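Quick notes on the structure that follows.
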Amino acid sequence: MASAAHRRALITQRIALTVLGAVTLLTFLPALAVFITVFVRGFSALSWDFLTSMPTQGMRAGGIFPAIIGTIELVGLTAVIALPVGVLAAVYLSEYARDNWLTRIIRLAIVNLAGVPSVVYGLFGLGLFVVFCRFGTSLLSGALTLALMTLPVIITASEEALRSVPQSFREVSISLGASRWQTVRHAVLPYAVPGIATGTILGISRAAGETAPILFTVAAFYLPKLPHSIFDQAMALPYHLYVISTQIPKVPERQRYGTAVVLLALVLSLNVVAMVVRARARRRRQW
2 MASAAHRRAL
12 ITQRIALTVL
22 GAVTLLTFLP
32 ALAVFITVFV
42 RGFSALSWDF
52 LTSMPTQGMR
62 AGGIFPAIIG
72 TIELVGLTAV
82 IALPVGVLAA
92 VYLSEYARDN
102 WLTRIIRLAI
112 VNLAGVPSVV
122 YGLFGLGLFV
132 VFCRFGTSLL
142 SGALTLALMT
152 LPVIITASEE
162 ALRSVPQSFR
172 EVSISLGASR
182 WQTVRHAVLP
192 YAVPGIATGT
202 ILGISRAAGE
212 TAPILFTVAA
222 FYLPKLPHSI
232 FDQAMALPYH
242 LYVISTQIPK
252 VPERQRYGTA
262 VVLLALVLSL
272 NVVAMVVRAR
282 ARRRRQW
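Counting from 1, position 147 in the sequence shown corresponds to residue 148 in the numbering used here; the numbering is continuous, with no gaps.
Below is the structure:
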């Protein structure tokens with residue numbers, strides 16, 4: 002009887018593993034097909050001149066250098082704004098705030114904000130940063146809008162990383178006479194940095210591929226020069242790809258797909274960095 006039950010359990014386990022593997026494969030194959038299609042059609046456009054020259058002939062020729070630099074500057078400024086705010090908010094919620102109705106409402110609001118469509122963030126950024134704060138259509142307005150969009154991801158990931166640090170670390174630090182802030186700074190944050198970094202990179206990688214928020218706040222239709230300050234407009238790869246694909250006729254197909262390859266490479270590289278950080282953190286974790 003026991004042997005028969007064991008065989009049935011093994012059969013059930015194999016069926017479950019087969020179903021899970023098939024579902025995983027079905028999820029992976031469309032993404033792989035998209036990447037292969039874009040890469041095959043856009044590889045011929047990739048060259049040093051394409052990556053380092055200015056667009057010409059109304060973006061029908063030339064390169065995408067301003068869009069690459071604009072995207073990097075926008076993503077970097079977004080990280081500079083969103084990372085400290087998100088981490089400090091997570092530290093407060095995890096280490097200082099009491100578990101009451103107010104903090105539960107705040108956490109619920111953060112989770113709901115993560116599901117708000119990006120176009121809504123774009124309209125909000127237009128009204129708040131471009132019009133009300135008078136920053137104009139600029140890198141600063143775009144970065145602030147993208148920072149708002151990525152904050153829920155950063156706060157949630159950072160809070161989970163802080164909560165994963167064993168409570169005994171805090172108890173030992175406080176028993177040795179350390180204050181609450183000294184405990185957080187020296188006994189908690191260093192061990193939560195890998196998780197915080199992973200969540201931040203994933204949030205920033207999402208922002209790097211967004212079109213709607215930058216459409217209203219920063220992106221220029223055609224700007225064959227680099228921005229000189231955070232109050233200048235800039236070209237960005239997502240919006241540039243949208244423009245040459247829908248607004249400008251007779252753009253070579255390989256140029257559109259080449260731009261898509263560069264954008265995919267940027268987003269995938271950020272995700273690979275997050276995976277490496279997470280893997281190295283798991284190997285070093287000693288609890």
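All residues carry an ideal CB built from backbone N, CA and C; glycine is no exception.
Because the structure is a prediction, the values reported are computed rather than measured.
Who are the Cβ neighbours of methionine 55 in its own chain at under 8 Å, not counting the five residues just before and after it? The count along the sequence shown starts at 1 and reaches residue 55 at position 54. Only Gly63, Gly64, Phe66, Pro67, Pro225, Lys226 meet the Cβ criterion.
Can you tell me which of the three DSSP states glycine 137 falls into? If you number the sequence shown from 1, residue 137 lands on position 136. In the structure shown, glycine 137 sits in coil (DSSP, three-state: anything other than H, G, I, E or B).
Within its chain, find whatever has a CB closer than 7 Å to the CB of serine 139; leave out the 5 residues flanking it on each side and keep chain order. Taking the sequence shown and counting its residues from 1, one reaches residue 139 at position 138. So the list reads Val219, Ile231, Phe232, Asp233, Gln234, once near-sequence residues are dropped.
Should the region 254–272 be called in touch with the region 25–39, which here means at least 3 C-beta pairs below 8 Å? yes
Is threonine 260 closer than 8 Å to tyrosine 240 when the C-beta atoms are compared? For the purposes of this step, residue 240 is taken as the residue at position 239 of the sequence shown. For the purposes of this step, residue 260 is taken as the residue at position 259 of the sequence shown. No, the Cβ-Cβ distance between tyrosine 240 and threonine 260 is not below 8 Å.
For leucine 163, which of Ala46, Ala90, Val252 has the nearest alpha-carbon? Counting from one through the sequence shown, the residue named residue 163 turns up at place 162. Considering only alpha carbons, the answer is Ala90.
From the DSSP secondary-structure annotation, give me the bridge partner or partners of alanine 220. As a first step, residue 220 is located in the sequence shown; it is residue number 219 there, counting from the start. Its beta-bridge partners are Ala235.
With C-beta atoms as the reference, is leucine 203 less than 8 Å away from valine 154? Position 202 of the sequence shown, counted from the first residue, corresponds to residue 203. Position 153 of the sequence shown, counted from the first residue, corresponds to residue 154. Yes, the pair counts as a contact, with Cβ atoms nearer than the cut-off.
Check the C-beta distance from serine 206 over to leucine 271 and give it rounded, since I have them as a contact under 8 Å. Taking the sequence shown and counting its residues from 1, one reaches residue 206 at position 205. Taking the sequence shown and counting its residues from 1, one reaches residue 271 at position 270. The Cβ separation is near 4 Å, so the contact holds.
N-terminal and C-terminal residue of the alpha helix (DSSP H) that leucine 94 is part of: Stepping through the sequence shown from its first residue, residue 94 is reached at position 93. Per DSSP, leucine 94 belongs to no alpha helix (DSSP H) and is neither H nor E.
If you run the structure through DSSP and keep just helix, strand and coil, what is proline 250? As a working note, residue 250 is residue 249 in the sequence shown. Coil.
Exposed unless 16 or more other CB atoms sit within 10 angstroms - verdict on valine 166: Residue numbering aside, residue 166 sits at position 165 when the sequence shown is read from its first letter. When all chains shown are included, valine 166 counts as buried.
Between asparagine 1 and glycine 137, what straight-line distance do the alpha-carbon atoms span, to the nearest angstrom? Nothing can be reported for residue 1, as the shown portion of the chain is limited to 2 through 288.
If you reduce the DSSP assignment to three classes, tell me which class threonine 212 lands in. As a first step, residue 212 is located in the sequence shown; it is residue number 211 there, counting from the start. If DSSP states are grouped into helix, strand and coil, threonine 212 belongs with coil.
Mapping DSSP to helix, strand and coil, what is alanine 62? Indexing the sequence shown from 1 puts residue 62 at position 61. Correct three-state label for alanine 62: strand.
Cβ neighbours of threonine 72 in the same chain (closer than 7 Å, five flanking residues each side left out): On the sequence shown, position 71 is the one that residue 72 refers to. The residues are Ala209, Ala237, Leu238, Leu267.
In three-state DSSP terms, what is proline 56? Along the sequence shown, read from residue 1 onward, the residue named residue 56 stands at position 55. Strand.
Contacts around serine 45, its chain only, beta-carbon distance under 8 Å, and the 5 residues preceding and following it disregarded: Walking along the sequence shown from the start, residue 45 turns up at place 44. Result list for serine 45: Arg255, Gly259, in chain order.
Arginine 186 - containing alpha helix (DSSP H), residue span: The residue given as residue 186 occupies position 185 in the sequence shown. Taken as a continuous stretch (DSSP letters only), arginine 186 belongs to no alpha helix (DSSP H), as it is neither H nor E.
Does proline 228 pass the burial test, meaning 16 or more other C-beta atoms within 10 Å, or should it be called exposed? Taking the sequence shown and counting its residues from 1, one reaches residue 228 at position 227. Buried, by the Cβ-count rule.
Applying the 10 Å Cβ sphere with the 16-neighbour rule, what's the burial state of proline 85? Stepping through the sequence shown from its first residue, residue 85 is reached at position 84. That one is exposed.
Taking glycine 123 as part of the alpha helix (DSSP H), name the residues at either end of that continuous run. As a working note, residue 123 is residue 122 in the sequence shown. That run of the alpha helix (DSSP H) goes 119–126.
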